[in-house]
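For reference, the structure discussed in these notes is given below.
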Amino acid sequence: MEFVDLAAQRRALDGRIEMAISTVVDHGAYVMGPEVEELEQLLAFAGGRRHCVTCASGTDALQLALMVLGVGPGDRVVVPDFTFAATAEAVCLVGAEPVFADVDSDTYNLDPSSFPGGQIVIKRHH
96 MEFVDLAAQR
106 RALDGRIEMA
116 ISTVVDHGAY
126 VMGPEVEELE
136 QLLAFAGGRR
146 HCVTCASGTD
156 ALQLALMVLG
166 VGPGDRVVVP
176 DFTFAATAEA
186 VCLVGAEPVF
196 ADVDSDTYNL
206 DPSSFPGGQI
216 VIKRHH
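What follows is the structure, given as structure tokens:
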């Protein structure tokens, strides 16, 4: 089995990486700087969308999505029982209740027959 030579890839990008780091350090906008805006524009274009919002983590992204949907206290959200903790954590962070459902043993996706009637389903991407 061939593996990707990460060291060679790093060497090929060293100059660009150093320049990008220096640019950010020089202007000091470590959060929401021009590079973030550029990345969001590129991702929106690549996805055929007008807007894109990047997040610091997958947990933040899940929480933001739930907030946009208006999920909160009193809501129940179906999540897979075989997933990273952040999937259920994001539900708790908005005040909703995670409801764990079984996954299909062949695909590791949610097994629809195990949904206990939650309002929203978070699908985990592999």
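To convert a position in the sequence shown, counted from 1, into the numbering used here, add 95. We put the beta carbon where it would ideally sit given N, CA and C, even for glycine. Quick caveat, the model's predicted, so the values are computed rather than measured.
Look at Phe195 here: in three-state DSSP terms it is strand. Counting of Cβ neighbours within 10 angstroms places Leu161 among the buried residues, the total reaching 16 or more. Contact annotation: Pro175 and Val189 have beta-carbon atoms that are not nearer than 7 Å. Counting along the chain, Arg171 sits inside the beta strand (DSSP E) bounded by residues Arg171 to Pro175. For the pair Cys187 and Asp201, the Cα-to-Cα distance works out to about 28 Å. Taking every protein chain shown into account, the CB of Thr182 has 16 or more other CB atoms within 10 angstroms, so this residue is buried. DSSP places Val131 in the uninterrupted alpha helix (DSSP H) bounded by Pro129 to Ala141. When C-beta atoms of the region 113-121 are compared with those of the region 141-149, fewer than three pairs fall below 8 Å, so the two segments do not count as touching. For Asp100, there is no enclosing alpha helix (DSSP H), as DSSP marks it with neither H nor E.
Per DSSP, the continuous alpha helix (DSSP H) segment holding Asp155 begins and ends at Gly153 to Val163.
Judged by beta-carbon spacing, Cys150 lies within the 7 Å limit of Ala156, meaning their Cβ atoms are closer than that value. Annotation: Thr178 is outside any alpha helix (DSSP H) and is labelled neither H nor E by DSSP.
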